[in-house]
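Remarks on the structure that follows.
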Amino acid sequence: MNRMQFVTTLAVMGVMSLAGSFIAATIMQATPAGAQADGDKVITSEFQLKDKNGKLRALMKVDDGGDLLFTLLDANEKVRITQSVGNDGSGAVIVSDSKGRPRMSLTSSESDPGAF
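Quick note: the sequence shown uses the numbering used here, first residue 30, plus one each step.
Here you go:
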């Protein structure tokens, strides 16, 4: 390789390196995080909220029977509050103690106007 070929090869490699860097920077440029625009949707079958320690603190899902469940858990992952809406329109709120035992409930259904 003579001097002219070396300089030409070096120049081509430099230009290609700059072009590759520019393309990579353009493609991989991060977009700033922001709120979703009106009308955007998040569609999922289960939503789990975990704390900074990875413990489950809230759960929202539709169970196998089709009932909607919203459950709040304490820092020890014990169920403290459960809200549910049944396919038949029934609703319930259950408050549990620190051991997860139900202590208070509020229910309502078509056949039973409500119990506390």
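Think of the CB as a built atom: it goes at the ideal place given N, C-alpha and C, for glycine as much as any other residue. These numbers come from a predicted model, not from an experiment.
Own chain, CB closer than 8 Å to residue i, minus 5 neighbours either side, in chain order
{"i": "R132", "result": "V124, S125 and D126"}
{"i": "S15", "result": "With the chain covering 30 to 145 only, the question about residue 15 has no answer from this structure."}
Neighbourhood of residue i by C-beta distance below 6 Å, restricted to the same chain and skipping five residues each side
{"i": "T111", "result": "T100 and I123"}
{"i": "F76", "result": "M89"}
{"i": "G120", "result": "V114 and S137"}
Residue span of the beta strand (DSSP E) that contains residue i, given as start and end
{"i": "I26", "result": "The chain is shown from 30 up to 145; residue 26 falls before or after that span and cannot be answered."}
{"i": "R86", "result": "L85 to V91"}
{"i": "T100", "result": "L97 to L102"}
Bridge partner(s) assigned by DSSP for residue i
{"i": "G120", "result": "V114 and S137"}
{"i": "K79", "result": "L85"}
{"i": "S125", "result": "P131"}
For residue j and residue i, the rounded distance between their alpha carbons
{"i": "K107", "j": "D92", "result": "19 Å"}
{"i": "V71", "j": "L88", "result": "15 Å"}
{"i": "G129", "j": "R86", "result": "14 Å"}
{"i": "Q34", "j": "D69", "result": "57 Å"}
{"i": "N31", "j": "T37", "result": "10 Å"}
{"i": "K79", "j": "R109", "result": "15 Å"}
{"i": "S42", "j": "K81", "result": "The sequence shown places Met at residue 42, rather than the Ser named in the question. One C-alpha to the other measures close to 47 Å."}
Close-in-space but distant-in-sequence residues of the same chain around residue i (CB under 7 Å, 5 per side omitted)
{"i": "D96", "result": "S113, V114, G115 and N116"}
{"i": "K84", "result": "A104 and E106"}
beta-carbon residue i near the ligand FMN non-hydrogen atom, thresh 7 Å
{"i": "N116", "result": "This structure lacks the ligand FMN, and indeed carries no ligand of any kind."}
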